[in-house]
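Contents: one structure, followed by commentary.
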Amino acid sequence: MSRSLQATVAELHTVAISPRVKPELLVSGARGTHDRSDFLLVKIITSAGVTGIGEVSATLTWSGEDSTTAQHVIDTVLRPALIGRPLTPVAELEAAMDTVLAGHPFTKAGISIALWDAYARTLDVPLAVALGGPRRTEVAVKCSLSGNGDRLRTGLEHARTAGFEAYKIKIGMDLDTDVARMRELRELVGPDTFIGLDANGGYSRARARRAGRLLAPYDPAFFEQPVPPGDLPGMASLRDLGLPIVADESVFGLDDLMAVLAAGAADVISLYVGKSGGPGRAVAMGRIAAAAGLDVIIGSNGELGVGAAAQLHVACALDGLSEEIPSDIIGAHYYDSDILAGGLDATGLRARLNDAPGLGVTLTEDLAARFA
0 MSRSLQATVA ELHTVAISPR VKPELLVSGA RGTHDRSDFL LVKIITSAGV
50 TGIGEVSATL TWSGEDSTTA QHVIDTVLRP ALIGRPLTPV AELEAAMDTV
100 LAGHPFTKAG ISIALWDAYA RTLDVPLAVA LGGPRRTEVA VKCSLSGNGD
150 RLRTGLEHAR TAGFEAYKIK IGMDLDTDVA RMRELRELVG PDTFIGLDAN
200 GGYSRARARR AGRLLAPYDP AFFEQPVPPG DLPGMASLRD LGLPIVADES
250 VFGLDDLMAV LAAGAADVIS LYVGKSGGPG RAVAMGRIAA AAGLDVIIGS
300 NGELGVGAAA QLHVACALDG LSEEIPSDII GAHYYDSDIL AGGLDATGLR
350 ARLNDAPGLG VTLTEDLAAR FA
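Have a look at this one:
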């Protein structure tokens, strides 16, 4: 084994960032409005001098984690559990984090991204290769829209300017308003444009069924998380609506995935690097879903550039990435500034893999200086 592969985790540093969402692209759904993100960047340095970067892309209203909670658990339990341990295999470091800390998948995922980045850089290969791929080098994407009237039209205008041609609309609140929103969006984009529905678990079973029937005339492409995460029988009962049912909040870790599969509760699984606890675990879950005959898409928690790069590499390594439903590798489009100096090739149509080692991205000079 080479000296680099025998390296240990020597240093773990963090930098807190709080980017604001562009006002015209505020996303409001059943779980509230997302207007800023309190994230944490992670930097790993190995004893061989190899660096890896990661992103804790977590929001309190959605995941119960943010930069404050992440910083606390990293300082108190995760950093001491990792420093001095061998970098490889990364899975053992992920297991070590689980041993000392329950929950907090998004925080663990931020560290895991940095560990996988350092590992792939050690091998001098793109992260998608280290994860067992790539099976593709491009991933189609879509944009989330919300609101009615002027707000919807403004959001759509900016999304189109950014190049987006596929969308999902936030519903799961007032049913009459939800129907009006979908009707207006369909009128604005025409009959052939891709539009999916995302209820974020906001409906009861009965209201979800009614919503599916009322929204069917506007040709939705899928129905994401129609009922609360724990209502798997309710999810299963809605599959006769004739729309692909996407499980999102119902699937965090492997146990959740197995429960959804056992209940026959979904046609498609929305995987997040954050929910899964890291890139390697996301790919492993995707393989299980694919083996069970389900498609997978990559969902978003509003990731910035580092998190988006991790999403892209996972998507390119997955066995069963959906060819029908675009993924959500789009977070950087929503913010008034990004954290990358370069490396992420993402437009409103697709995200494209490059040949650089690891995540293949570099931070801006000011953020690199803050780490130093």
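The sequence shown begins at 0 in numbering that gives the first Met the number 0 and counts up one residue at a time. Yeah, the Cβ is synthetic: ideal placement off N, Cα and C, and Gly gets one too.
Proximity winner among the options, relative to residue i (alpha-carbon distances)
i      : options                           : result
Gly132 : Leu184, Asp354, Glu64 and Ala367  : Asp354
Ala129 : Phe222, Leu303, Pro278 and Thr45  : Pro278
Thr153 : Met172, Glu183 and Leu237         : Glu183
Thr192 : Leu311, Leu348, Pro18 and Ala9    : Leu348
Thr361 : Lys274, Leu303, Asp149 and Thr75  : Leu303
Gly146 : Pro356, Arg212 and Leu174         : Leu174
Ile112 : Ala371, Gly357, His103 and Glu364 : Gly357
Ser275 : Gly292, Leu256, Gly252 and Leu293 : Gly252
Ala158 : Ala340, Gly330, Ala368 and Glu364 : Gly330
Asp177 : Ala161, Arg212, Ala165 and Ala90  : Arg212
Gly201 : Val226, Thr121, Ile43 and Ala281  : Val226
Ala117 : Leu214, Gly342 and Gly48          : Gly48
Ser321 : Trp61, Pro18, Thr98 and Val140    : Val140
Ala258 : Ala291, His12, Arg280 and Tyr271  : Ala291
Asp65  : Asp97, Ser17, Leu81 and Ala90     : Ser17
Val72  : Thr50, Ala108, Val89 and Ala210   : Ala108
Pro228 : Leu214, Ser203 and Asp327         : Ser203
Val99  : Thr75, Trp115 and Gly162          : Thr75
Val89  : Leu144, Arg280 and Val20          : Arg280
Glu164 : Arg135, Thr67 and Glu156          : Glu156
Ser336 : Gly319, Ala345, Thr346 and Thr363 : Thr363
Leu11  : Ile43, Lys21 and Asp294           : Ile43
Lys21  : Ala161, Leu39, Met234 and Gly285  : Ala161
His103 : Gly63, Cys142, Leu114 and Leu81   : Gly63
Ile110 : Cys142, Leu144, Asp247 and Leu39  : Leu39
Anticipated Cβ contact below 8 Å, residue i with residue j, distance rounded
i      : j      : result
Thr106 : Val188 : With a Cβ gap of about 38 Å, Thr106 and Val188 do not count as contacting.
Gly301 : Tyr333 : 6 Å
Leu352 : Ala119 : About 12 Å; that fails the 8 Å criterion.
Ala95  : Thr45  : Contact flag wrong, Cβ pair sits at about 16 Å.
Leu256 : Ala288 : 6 Å
Arg208 : Ile194 : That belief does not hold up - the Cβ atoms of Arg208 and Ile194 are roughly 20 Å apart, past 8 Å.
Ile324 : Val138 : Between Val138 and Ile324 the Cβ distance is about 11 Å, and since that is not below 8 Å, they are no contact.
Leu196 : Lys167 : 7 Å
Met181 : Leu214 : 5 Å
N- and C-terminal bounds of the beta strand (DSSP E) containing residue i
i      : result
Leu144 : Cys142 to Leu144
Ser269 : Val267 to Leu270
Gly51  : Thr50 to Val55
Gly195 : Phe193 to Asp197
Phe375 : This structure cannot settle anything about residue 375, because the visible part of the chain is limited to 0 through 371.
Residue i - containing alpha helix (DSSP H), residue span
i      : result
Tyr333 : Careful: Tyr333 lies outside any alpha helix (DSSP H) and carries neither H nor E.
Glu164 : Where Glu164 is concerned, there is no enclosing alpha helix (DSSP H), given that its DSSP letter is neither H nor E.
Leu90  : According to the sequence provided, residue 90 is Ala. The question's Leu does not apply to it. From DSSP, the alpha helix (DSSP H) with Ala90 extends over Val89 to Val99.
Ile110 : Pro104 to Leu122
Gly263 : Careful: Gly263 lies outside any alpha helix (DSSP H) and carries neither H nor E.
Val178 : Leu174 to Val188
Ala308 : Gly304 to Ala316
Asp354 : Run containing Asp354: none; DSSP gives neither H nor E here.
Residue i versus residue j - alpha carbon distance
i      : j      : result
Ile268 : Ala101 : 24 Å
Pro232 : Asn199 : 17 Å
Met0   : Ala6   : Because Met0 sits at a pLDDT of 47, beneath the cut-off of 50, its placement in the model cannot be relied upon, and the following sentence gives the value as read from the coordinates. The straight-line gap from Cα to Cα measures roughly 10 Å.
Ile338 : Thr87  : 28 Å
Leu366 : Arg84  : 27 Å
Ile296 : Gln310 : 10 Å
Leu92  : Gln70  : 18 Å
Pro79  : Pro190 : 56 Å
Leu4   : Val41  : 21 Å
Ser36  : Thr13  : 16 Å
Arg150 : Val305 : 29 Å
Val272 : Gly342 : 19 Å
Item to check | Three CB pairs or more closer than 8 Å across the segment 306-319 and the segment 257-265 | outcome: No, the segment 306-319 does not touch the segment 257-265.
Checklist entry - Can at least three beta-carbon pairs, one atom from the segment 212-229 and one from the segment 238-250, be found at a separation below 8 Å? => result Yes: the two stretches touch, three or more of their Cβ pairs being nearer than 8 Å.
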